[in-house]
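Taking it in order: structure first as structure tokens, then the write-up.
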Ligand SMILES: Nc1ncnc2c1ncn2[C@@H]1O[C@H](COP(=O)(O)OP(=O)(O)OP(=O)(O)O)[C@@H](O)[C@H]1O
Ligand SMILES: [Mg+2]
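In this note's numbering, the protein residues as written are 182 to 438.
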């Protein structure tokens, strides 16, 4: 099986001593739709930061499309695109320029980048906002702009850190449809989300991370098979099966009162 991303024993200890990743191994097959799920502070954004070269790891190794990141960082980095959790964008720039200029970082000439950017903006439903300043977009529109920007250099592996946070239902659905067309074309997607029903419907593989450690990973069916009726707490809101498995694996044990 060819792997788009192969992470071995990844570790990250931040300067203040926070152990954000404690030996994470993760294999993402090519063309997969892979969901990395975990509670707040589990280490998801840290993992994506490392895999996209924005954060330095403190241990372990990883390969992108077979390329060892430490040996060939630039070559590896060119293969990935990322939509960060915290939007980083020139808010005074125009939508079309933001996408085209991103191509500049990868040495893509404007004549190539411009039609590509137009097509990407159409795909994410922003073609009528092409000359609008980013600061005048709504939050969900800004996130869609980030997706278009992340794709300008046609990456093989796309990291989406909560791409649908704050995106309305209709647009979210069309975004998922669009992301599925990308995977159909062979792009590999790794995303994080707190909307587990969406992940349950869309992802082929899932990993659940808690406190910097992978607590479960496998195909969606394998993860759902871990659902244990006996562990159910039969009170209050009941979520999807994936939600219940997620909670069973990540919930803090109840403290005796
Ligand atoms: N720059 C930093 N310096 C120190 N600690 C950090 C830094 N960034 C993140 N952390 C810590 O690392 C841990 C993992 O954070 P991370 O942002 O990776 O979590 P996450 O899974 O993305 O959470 P969320 O679902 O809230 O986005 C947390 O304990 C967090 O406080
Ligand atoms: Mg995060």
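In this text, a Cβ means the ideal position worked out from N, Cα and C, and glycines have one as well.
Per DSSP, residue 349 is not a residue of any beta strand (DSSP E), being assigned neither H nor E.
Counting only the Cα atoms, residue 332 lies some 30 Å from residue 424. Where residue 390 is concerned, the enclosing beta strand (DSSP E) starts and stops at 386–391.
With a threshold of 7 Å, the Cβ atom of residue 429 does not count as near ligand 1, since no heavy atom of the ligand is closer than that. Residue 324 sits buried, since 16 or more C-beta atoms from the chains shown fall within 10 Å of its C-beta. Near ligand 1, meaning a Cβ closer than 6 Å to any of its heavy atoms, lie the following residues in chain order: 195, 197, 199, 201, 219, 221, 222, 223, 224, 225, 226, 227 and 266. Checking the DSSP bridge columns, you'll see residue 210 partnered with 184.
Counted as a single uninterrupted DSSP element, the stretch harbouring residue 276 is not any beta strand (DSSP E) but the alpha helix (DSSP H) occupying residues 276–286. Each residue's CA atom was taken as its position, placing residue 391 and residue 187 some 19 Å apart. The count of Cβ pairs closer than 8 Å, one atom from the stretch 302–317 and one from the stretch 344–359, reaches three, so the stretches are in contact.
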